[in-house]
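Asker: Throughout the sequence shown, residue numbering follows the UniProt record's numbering, covering 1 to 150 in sequence.
Glycine included, every Cβ here is placed at the ideal spot set by N, Cα and C.
Quick caveat, the model's predicted, so the values are computed rather than measured.
One structure coming up, written as C-alpha cells, with questions to follow.
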Amino acid sequence: MDGRRRNPYELTEETPVYVISVAAQLSGLHPQTLRQYDRLGLVSPDRTAGRGRRYSARDIELLRQVQQLSQDEGINLAGIKRIIELENQVAALQSRVAELQAALDGAAATMRQREAAVHASYRRDLVPYQEVQQTSALVVWRPKRQQQSD
C-alpha cells in the first residue's frame, strides 16, 4: 500500500467485478477452461459470499497470458503454473528491494545530517595539528637577563 486512503468505490485492476461468463468472453476461453485453471491454481479469482467467482482485470490479463503460453509457446499447464509463481516471486522481491533501498536512502540522509551537526559543533578556536618536520638542527634557548634598574 502506498499510504494513501483509497476510495472504496474506486475500481482498480485488482477489483473483482467480472462473472465467469464475462471473464470467459473477455479472455477468449470457455468458462469450463476458467474453472479448470482455478482448480489447478493457475488463475484464482475472488469469491462472492455465495462462492461465485469474480474476476478482476488482472485475472483477465493472466488468463490471456496462460492461453498465449499454452497455445503459442507449447508450454504445459504445470510449466505455466511455475512461470506464474516465479513471476510473482520476482515481483515480490523487487518490491522488497525497493523498500530496502528507500530505508537505506533514509538512513544515509539521517547519517549525513548527524555528521553535519557534529561538524557544526566543533570549536572554532582549535586548529588542526600538523606534523612538524624533524630536523637535526640544535637550538639553544637562553632566557633574557633582566637589567637591574638603579
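1. How many Å lie between residue 229 and residue 120 at the Cα?
2. Which whole-angstrom value describes the C-beta separation of residue 18 and residue 54, a residue pair presumed to lie in contact below a C-beta threshold of 8 Å?
3. With a threshold of 16 other CB atoms inside 10 Å of the CB of residue 44, please say whether the residue is buried or exposed.
4. In whole angstroms, what is the alpha-carbon distance linking residue 138 and residue 145?
5. Taking its Cβ as the centre, do 16 or more other Cβ atoms sit within 10 Å of residue 37, making it buried, or is it exposed?
6. Nearest CA to the CA of residue 47: which residue from 20, 30 and 93?
7. Less than 7 Å separating the beta-carbons of residue 60 and residue 27?
8. Going by DSSP in three states, residue 18 sits in which element: helix, strand or coil?
9. Could you compute how far the alpha carbon of residue 64 sits from the alpha carbon of residue 7?
10. May I ask you to list the residues that DSSP assigns as paired with residue 55?
11. Residues in its own chain within less than 7 Å of residue 15 by CB, not counting five upstream and five downstream?
12. Would DSSP call residue 47 helix, strand or coil?
13. What number of angstroms, rounded off, separates the C-alpha of residue 136 from the C-alpha of residue 143?
Answerer: From the atom records:
1. Any answer about residue 229 is impossible in this case: the structure gives the chain only from 1 up to 150.
2. 7 Å
3. exposed
4. 22 Å
5. buried
6. 20
7. yes
8. strand
9. 29 Å
10. 18
11. 56
12. strand
13. 22 Å
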